[in-house]
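Q: Could you have a look at this structure, given as structure tokens, before my questions?
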Amino acid sequence: MMNNSKKIALTGGAAAAEALKQINPDVMPVYPITPQTPIVETFAKFVADGEAATEMIEVESEHSAMSAAVGASAAGARTMTASSSQGILLMAEILPIAFGTRLPILMLVSARAISAPINIHGDHQDVMFVRDSGWIQIFSENAQEVYDNTFIALRLAEKVRLPAMVIMDGFQTSHSVENLEILENSVVKNFVGEYQSKNNLLDFENPKSFGPVSLPNSYFEFKRAQIEAMKEAETEYKNICHEYGKISGRNYDYFESYKLDDAEKAIVVAGSTAGTAKMAVDELREQGEKVGLLKIKLFRPFPYDKIAEALKNVKNIAVFDRTVSFGSKPPIYSEVVECLYMIRDTKYIIQPYIYGLGGREIFKEDIKKIFQENWDGKETKYIGLK
């Protein structure tokens, strides 16, 4: 532990609220929804107790929360919000507007199943539903990563002027108490800095428009510029992670490579399940099995060439998705296949698995058994299905 930090125990939701308190954003429009609620409840208490000076706006729906966030950010305010599940789907109309107008809004997400049937427990269906809305997406394994990713995502969003989501698993991370190290307030303030909006509606000396009509002779060029902004986000993410590692002692990358160097079989996964998978890898390694893990952190933009390089020597790969793409293969699997397609002279077996929908647990023994299965990569398999 570095001298500028202290160790405490918090849930993932409380860790997010702690990070928000240290950032002290200008505006936070919110509407509560399980399992996001502890984030906004805890932060609202900080505001009520005078520990943060944020203007919290209690709105009537998540659609209004994101609309208010767009307005606040366009006016030049450092703006954040939080949501889950149906709330994110209700925001879906406004998410690409935040992206298209280049507003660096930060949203904390406790990822949850979507209806129907109604389910309040964790999976990745909500964030994968909006994965192509233009938002940067960063996955967190545990409370420590939720805390750290909040600062990293904020810096990244404001650097490239794109909105960003910090994603934690609903309940498994958002409501589980874990030890983590938090930085001193002064260190956080120095890292995130004072927000200086490049363009805002309240700059009356230089009036401007946000979100104008774009006809066929200009719309395509807007989209092309947004594509380039996403490419820039990939580069800047690594730079900001490196800078954060210097002040925290915790070094992050596009993904975490765990015992992959000589692995003959590997699992690719995002979120809290990575912790369980690491234990399975460790036990199988003790038995002489050459297995490994790649944990996705930055999902949007997806670092294709970096992941291809990390997996190029692993010929048998299982990809775990905690979501469904109806009528298609699951999303993380599809991205990994695209990565390895770049290496055309090598034959890989890439096996898709779907797990954990609606909060169904996956255990260490489940993962150990999957490592010992024969993978053919032909059909999607389901973990823990009755």
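Quick note on our numbering: the sequence shown kicks off at 6 and runs consecutively. For glycine and all other residues, C-beta sits at the position ideal for the given N, C-alpha and C. This one's a predicted model, so the numbers in the text were calculated from it and none came from an experiment.
Under 6 Å Cβ to Cβ from residue 276, same chain only, skipping five residues before and after it: list those, please.
A: Stepping through the sequence shown from its first residue, residue 276 is reached at position 271. For residue 276, where only same-chain residues beyond five positions count, the Cβ hits under 6 Å are 144, 174.
Q: Kindly indicate which three-state DSSP category residue 392 falls into: helix, strand or coil?
A: Examination of residue 392 is not possible in this model, given that the chain is present from 6 through 391 alone.
Q: DSSP has residue 351 in a bridge; who is on the other side?
A: As a working note, residue 351 is residue 346 in the sequence shown. Partner(s): none; residue 351 has no beta bridge.
Q: For residue 240 and residue 260, I'd like the C-alpha separation in whole angstroms.
A: The residue labelled residue 240 in the question sits at position 235 within the sequence shown. The residue labelled residue 260 in the question sits at position 255 within the sequence shown. Each residue's alpha carbon lies about 14 Å from the other.
Q: Hey, would you say residue 67 sits closer than 8 Å to residue 36, going by beta carbons?
A: Counted from its first residue, the sequence shown places residue 67 at position 62. Counted from its first residue, the sequence shown places residue 36 at position 31. Yes, the Cβ-Cβ distance between residue 67 and residue 36 is below 8 Å.
Q: Hey, which unbroken runs of the alpha helix (DSSP H) at 4 residues or more fall wholly within the stretch 84-123?
A: Entirely contained in the stretch 84-123, the alpha helix (DSSP H) runs reaching 4 residues are, in chain order, 90-96, 100-105.
Q: Compute the beta-carbon to beta-carbon distance between residue 26 and residue 56, rounded to the nearest angstrom, for a pair I have assumed lies under 8 Å.
A: Counting from one through the sequence shown, the residue named residue 26 turns up at place 21. Counting from one through the sequence shown, the residue named residue 56 turns up at place 51. Yes, they are in contact, since the Cβ atoms of residue 26 and residue 56 sit about 6 Å apart, within 8 Å.
Q: Within the chosen definition, does the stretch 173-189 reach the stretch 46-54 through at least 3 CB pairs nearer than 8 Å?
A: Verdict: no, contact absent.
Q: Taking only the alpha-carbon atoms, compute the straight-line gap between residue 205 and residue 140 and give it to the nearest angstrom.
A: Numbered from its first residue, the sequence shown carries residue 205 at position 200. Numbered from its first residue, the sequence shown carries residue 140 at position 135. Computed Cα separation, rounded: 20 Å.
Q: Using the rule of at least 16 other Cβ atoms within 10 Å of the residue's Cβ for burial, across every protein chain shown, is residue 388 buried or exposed?
A: Along the sequence shown, read from residue 1 onward, the residue named residue 388 stands at position 383. Per the 10 Å Cβ criterion, buried.
Q: Under the three-state reduction of DSSP, which class applies to residue 9: helix, strand or coil?
A: The sequence position of residue 9 within the sequence shown is 4, counting from 1. Residue 9 falls in the coil class under three-state DSSP.
Q: Would you mind sorting residue 150 into buried or exposed? The rule is 16 or more other CB atoms within 10 Å of its CB.
A: The residue labelled residue 150 in the question sits at position 145 within the sequence shown. So residue 150 ends up on the buried side.
Q: Identify which residue in 171, 329, 161 has its Cα closest to the Cα of residue 148.
A: One-based indexing of the sequence shown puts residue 148 at position 143. Nearest option by C-alpha distance: 171.
Q: In the DSSP assignment, what are the bridge partners of residue 356?
A: Taking the first residue of the sequence shown as 1, we reach residue 356 at position 351. The partner list for residue 356 (beta bridge, DSSP) reads 323.
Q: Just mark residue 221 as buried or exposed, buried being the case when its beta carbon has 16 or more other beta carbons within 10 Å.
A: Here the question's residue 221 lines up with position 216 in the sequence shown. Exposed is the call here.
Q: Which one of 125, 129, 81 has the shortest CA to CA distance from residue 106?
A: If you number the sequence shown from 1, residue 106 lands on position 101. Looking at the Cα atoms, 81 is the closest of the given residues.
Q: Taking the continuous alpha helix (DSSP H) assigned at residue 5, which residues delimit it?
A: Outside the modelled stretch of the chain, which goes from 6 to 391, sits residue 5, for which no answer is possible.
Q: Span of the alpha helix (DSSP H) holding residue 229?
A: By one-based count along the sequence shown, residue 229 stands at place 224. Looking at the DSSP string, the run of the alpha helix (DSSP H) that includes residue 229 is 224-253.
Q: Could you check whether residue 234 and residue 372 sit closer than 8 Å to each other, using their CB atoms as the reference points?
A: Stepping through the sequence shown from its first residue, residue 372 is reached at position 367. Stepping through the sequence shown from its first residue, residue 234 is reached at position 229. No, these two residues do not count as a Cβ contact at 8 Å.
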